[in-house]
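J.: Protein sequence lines, in the order shown, are assigned to chains A and B.
Here the first sequence is numbered in numbering that gives the first Met the number 0, starting from 0 and rising by one per residue.
Here the second sequence is numbered in numbering that gives the first Met the number 0, starting from 0 and rising by one per residue.
All residues carry an ideal CB built from backbone N, CA and C; glycine is no exception.
Take this structure first; my questions come after.
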Amino acid sequence: MAHPRNIVRVSKVTKTFQLGKVEVRALQGVDLEIASGDYISIMGPSGSGKSTLFNMIGGLDKPTSGRVFIDEVDIAQLDAYELAWLRCRKIGYIFQTFNIIQVMTALENVTLPMIFAGMNNDAAVAKGIQLLELVGLGDRFRHKPSELSGGQQQRVAVARALANDPAIVLADEPTGNLDLTTGEEIIELLKELSQERGVTVISATHDFKMLNVSDQVVWIRDGRIEKIENREELSISVGQIGVRE
Amino acid sequence: MKDKQIPARATKGSDSVDRLVVLPFKKSVEISLKSIRVRFFRSLITTMSLVLAVSFLSFVSVSTDVANGLLSTQEPRLRQALIRSGYDVRPEDTTLGSTPKQRWIVILSLLVCVVGIVNAQLMAVTERFREIGTMKCLGALDRFILRLFLLEAGMEGLGGACVGAMAGALFSLINALFSFGTVAVTTLSWTDIALSTVSAIGVGFLLSLLGVMYPAIVAARMQPVEAMRIEQ
């Protein structure tokens, strides 16, 4: 692709929550364009609206005003079926708490989205094993989540996110519950996958390790985009952050 | 990946069937069975109140069947024995129904059992918020969740009701053997006993589905983002 198209486009999005009698304005007019195949990190302190923006992009939440386009489709216009379809085929989710379904084995977790997508069982199992091998868990697909370490569970989650060859992988603090080395391994894995498969990876994080691999970093503060930096500009500002904090 | 366009509402015809989100029935059964197996102890507790209520229902109706069997012999000795053991047999009666008092107690026990099921299933739903939310993020539709919960409750209900009805009938027969002797077993109509047991199983199954209805709807309507917000 000579001219990378925008896989996600966020236009003038605001979001207001009603917390008791107080109105919380989580997002106050956000504009953002994300090119297909990029590795994006959304950074910001907690309470900055980072998670809210993230949920919007994932089609998990609808904006109060403004529009969110995924692949040039306005998600506010979609009905329940189309949203489910979008979550199933277009977007892969990775969570801070892994959210592996506890009663299923690693393989069953990975095949579930493929079953939802209408793939037959044998094909899903074959692809599931292949994906688990890809994330380095080829010998552990019969294990229950309780028999896997945190890092291994997150690997299962990565494999599951890739099950239906999504265009976007959304990772919400993927390293938040992992130790330093394991976190780095997961980041490395995500980066590799993004490069090899051309998947757009969008991650919300406060993990500075994520910055080095990001093509673009979006800084959010008080419900607005503070700045968007490309990788070339990064090393300097990371230094500044280190000084500032 | 460019060919993967979101299906427009207009193209939801036969050509785009494979693009919709599905969960085959066989797979749903598989998942619910697994869910029961993994949480066996939990399911056991959920089903316990049903087992007890259904066994009571079956005990009462099988006891009535036994009494009717004894009465049909038209022997004054057995009639006396029935009256002695607490049945209200008037001289002109040739058959016995359950008394209003018995009916009320049975209905009450079934009612308590439904409330118990609703309570236990609501707990189960709360425990599984994260699992449900995750499934929804993976593309599950509301009705998949509803179906999974109904299937689980249906299987638990059927199993529990079978055990309960059998236990109730058995206990009632043993009780009759002790009170009236072997004549109680020789005079009774086995068709009636079977009918009583089967109807008790049917009632138990329906009650189990009734009890899970509200919790299942709560689970199915949940937004995935809400599920994600809940701390473990």
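Mind checking which residues open and close the alpha helix (DSSP H) that includes A:Ala158?
T.: Here residue 158 of chain A is taken as the residue at index 159 of the first sequence, counted from 1. Here the alpha helix (DSSP H) through A:Ala158 covers 149 to 160.
J.: Can you tell me whether A:Tyr38 is buried or exposed? The criterion is at least 16 other CB atoms within 10 Å of its CB, across all chains shown.
T.: Within the first sequence, numbered from 1, the residue matching residue 38 of chain A stands at position 39. With 16 or more other Cβ atoms within 10 Å, it is buried.
J.: So A:Arg246 contacts chain B; which residues on that side make the cut at Cβ distance below 8 Å?
T.: Since the displayed chain A opens at 0 and closes at 244, residue 246 of chain A lies outside it and no answer follows.
J.: Taking only three categories from DSSP, how would you classify B:Lys232?
T.: With chain B represented from 0 up to 231, any question about residue 232 of chain B goes unanswered, as that position is not in the structure.
J.: So which residues on chain A does B:Ser34 lean against when the C-beta distance must stay under 8 Å?
T.: Here residue 34 of chain B refers to the residue found at position 35 when the second sequence is read from its first residue. Residues of chain A passing the Cβ test: Val102.
J.: For A:Leu77, which option in A:Phe94, A:Leu192, A:Leu59 has the closest C-alpha, if you only look at C-alpha atoms?
T.: Locating residue 77 of chain A in the first sequence gives position 78, where the first residue counts as 1. Ranking A:Phe94, A:Leu192, A:Leu59 by Cα distance to A:Leu77 puts A:Leu59 first.
J.: If you reduce the DSSP assignment to three classes, tell me which class A:Val102 lands in.
T.: Here residue 102 of chain A corresponds to residue number 103 of the first sequence, with the count starting at 1. Coil.
J.: Which full runs of the beta strand (DSSP E) of 3+ residues lie inside the region 67 to 103 of chain A, going along the chain?
T.: Listed in chain order, the complete beta strand (DSSP E) runs (minimum 3 residues) inside the region 67 to 103 of chain A are 90 to 93.
J.: Let me know if B:Ile82 comes out buried or exposed under the rule of 16 or more other beta-carbons within 10 Å of its beta-carbon.
T.: Position 83 of the second sequence, counted from the first residue, corresponds to residue 82 of chain B. Exposed: under 16 other Cβ atoms inside 10 Å.
J.: Which of the three DSSP states, helix, strand or coil, is assigned to B:Arg127?
T.: Taking the second sequence and counting its residues from 1, one reaches residue 127 of chain B at position 128. If DSSP states are grouped into helix, strand and coil, B:Arg127 belongs with coil.
J.: Does the beta-carbon distance from B:Leu206 to B:Gly156 come in below 9 Å?
T.: By 1-based counting over the second sequence, the position of residue 206 of chain B is 207. By 1-based counting over the second sequence, the position of residue 156 of chain B is 157. Yes; because the gap between Cβ atoms is below 9 Å, this pair is in contact.
J.: Rounded to the nearest angstrom, what separates B:Phe39 and A:Thr199 at their Cα positions?
T.: The sequence position of residue 39 of chain B within the second sequence is 40, counting from 1. The sequence position of residue 199 of chain A within the first sequence is 200, counting from 1. In a straight line, the C-alpha of B:Phe39 is about 41 Å away from that of A:Thr199.
J.: Return the residue from the list A:Thr15, A:Leu210, A:Lys11, A:Pro112 that minimises the CA-CA distance to B:Leu140.
T.: Walking along the second sequence from the start, residue 140 of chain B turns up at place 141. Out of A:Thr15, A:Leu210, A:Lys11, A:Pro112, A:Pro112 has the C-alpha closest to the C-alpha of B:Leu140.
J.: Please classify B:Met134: does DSSP put it in a helix, a strand, or coil?
T.: Along the second sequence, one-based indexing puts residue 134 of chain B at 135. Of the three classes helix, strand and coil, the one that applies to B:Met134 here is helix, per DSSP.
J.: Go to A:Arg125, then tell me how far its alpha helix (DSSP H) extends in each direction, as first and last residue.
T.: In the first sequence, counting from the first residue as 1, residue 125 of chain A sits at position 126. Sequence inspection shows Ala at residue 125 of chain A; the Arg mentioned does not correspond to that position. That run of the alpha helix (DSSP H) goes 120 to 133.
J.: A:Cys87 and A:Ala123: beta carbons closer than 9 Å?
T.: Counted from its first residue, the first sequence places residue 87 of chain A at position 88. Counted from its first residue, the first sequence places residue 123 of chain A at position 124. Their beta carbons are not under 9 Å apart, which means A:Cys87 does not touch A:Ala123 by this criterion.
J.: For A:Tyr92, is the classification buried or exposed, using 16 other Cβ atoms within 10 angstroms of its Cβ as the cut-off for buried?
T.: Taking the first residue of the first sequence as 1, we reach residue 92 of chain A at position 93. Buried, since its Cβ has 16 or more Cβ neighbours within 10 Å.
J.: Are the beta-carbon atoms of B:Gln120 and B:Gly210 separated by less than 9 Å?
T.: In the second sequence, counting from the first residue as 1, residue 120 of chain B sits at position 121. In the second sequence, counting from the first residue as 1, residue 210 of chain B sits at position 211. Contact: yes.
J.: Flag this pair as yes or no: are the beta carbons of B:Pro116 and B:Thr196 separated by less than 9 Å?
T.: As a position in the second sequence, residue 116 of chain B is number 117, starting the count at 1. As a position in the second sequence, residue 196 of chain B is number 197, starting the count at 1. Reading the sequence as shown, one finds Ile at residue 116 of chain B and not Pro. Taking 9 Å as the Cβ cut-off, B:Ile116 and B:Thr196 do not qualify as a contacting pair.
J.: Using only the alpha-carbon positions, how far apart do B:Ile104 and B:Val113 sit?
T.: Against the second sequence, residue 104 of chain B aligns to sequence position 105. Against the second sequence, residue 113 of chain B aligns to sequence position 114. Taking the straight line from one Cα to the other gives about 14 Å.
J.: Compare the C-alpha of A:Thr104 against each of A:Gly57, A:Asn119, A:Arg141, A:Ala166 and name the closest.
T.: Translated into the one-based positions of the first sequence, residue 104 of chain A becomes position 105. The shortest C-alpha separation from A:Thr104 is found at A:Arg141.
J.: Check each candidate in A:Ala156, A:Ala170, A:Leu31 and name the one with the smallest Cα separation from A:Arg66.
T.: If you number the first sequence from 1, residue 66 of chain A lands on position 67. Of the listed residues, the one whose Cα sits closest to A:Arg66 is A:Leu31.
J.: Going by alpha carbons, who is nearest to A:Leu192 out of A:Ala158, A:Phe53, A:Val23, A:Pro44?
T.: For the purposes of this step, residue 192 of chain A is identified with residue 193 of the first sequence, where counting begins at 1. Measuring from the Cα of A:Leu192, the nearest candidate turns out to be A:Ala158.
J.: Among the candidates A:Ile186, A:Gln129, A:Gly135, A:Arg196, whose CA atom is the shortest distance from the CA of A:Pro165?
T.: Residue numbering aside, residue 165 of chain A sits at position 166 when the first sequence is read from its first letter. Closest option to A:Pro165, Cα to Cα, is A:Arg196.
J.: What residues are listed by DSSP as bridge partners for A:Lys283?
T.: Look at the range of chain A in this structure, 0 to 244, and you will see that residue 283 of chain A is not part of it.
J.: Following the continuous alpha helix (DSSP H) through B:Arg78, name the residue where it begins and the one where it ends.
T.: Taking the second sequence and counting its residues from 1, one reaches residue 78 of chain B at position 79. Looking at the DSSP string, the run of the alpha helix (DSSP H) that includes B:Arg78 is 75 to 83.
J.: With 9 Å as the threshold, decide whether the Cβ of A:Tyr92 is near any Cβ in chain B.
T.: What you label residue 92 of chain A is simply residue 93 of the first sequence in a count that begins at 1. Interface residue, yes.
J.: Relative to the C-alpha of A:Gly28, which candidate in A:Gln151, A:Ala170, A:Leu52 has its C-alpha closest?
T.: As a working note, residue 28 of chain A is residue 29 in the first sequence. Per the Cα distances, A:Leu52.
J.: Is it buried or exposed for A:Arg154, if we count other Cβ within 10 angstroms and need 16 for buried?
T.: Working through the first sequence from its first residue, we reach residue 154 of chain A at position 155. Per the 10 Å Cβ criterion, buried.
J.: Quickly, what does DSSP pair A:Phe16 with across the bridge? List them, please.
T.: Along the first sequence, one-based indexing puts residue 16 of chain A at 17. Bridge partners of A:Phe16: A:Val23.
J.: Any idea what DSSP makes of A:Asp30, helix, strand or coil?
T.: For the purposes of this step, residue 30 of chain A is taken as the residue at position 31 of the first sequence. Three-state DSSP puts A:Asp30 in a strand.
J.: Against B:Val37, what residues of chain A qualify as contacts under a CB-to-CB distance less than 7 Å, listed in chain order?
T.: The residue given as residue 37 of chain B occupies position 38 in the second sequence. Near B:Val37 (Cβ distances below 7 Å), the residues of chain A are Val102.
J.: Just grab the DSSP bridge partners of A:Arg8 for me.
T.: For the purposes of this step, residue 8 of chain A is taken as the residue at position 9 of the first sequence. Paired residues: A:Glu32, A:Phe68.
J.: Which whole-angstrom value describes the C-beta separation of A:Asp206 and A:Thr181, a residue pair presumed to lie in contact below a C-beta threshold of 8 Å?
T.: Here residue 206 of chain A refers to the residue found at position 207 when the first sequence is read from its first residue. Here residue 181 of chain A refers to the residue found at position 182 when the first sequence is read from its first residue. Going by Cβ atoms, the distance from A:Asp206 to A:Thr181 rounds to 12 Å, so no, they are not a contact pair.
J.: Beta-carbon within less than 8 Å of B:Gln231's beta-carbon, same chain only, minus the 5 sequence neighbours each way: which residues are those?
T.: Here the question's residue 231 of chain B lines up with position 232 in the second sequence. With a pLDDT of 44 at B:Gln231, under the threshold of 50, the predicted position of this residue should be treated as unreliable, and no value is reported.
J.: Kindly indicate if chain B contains any beta-carbon less than 9 Å away from that of A:Ala170.
T.: Here residue 170 of chain A corresponds to residue number 171 of the first sequence, with the count starting at 1. Closer than 9 Å: no.
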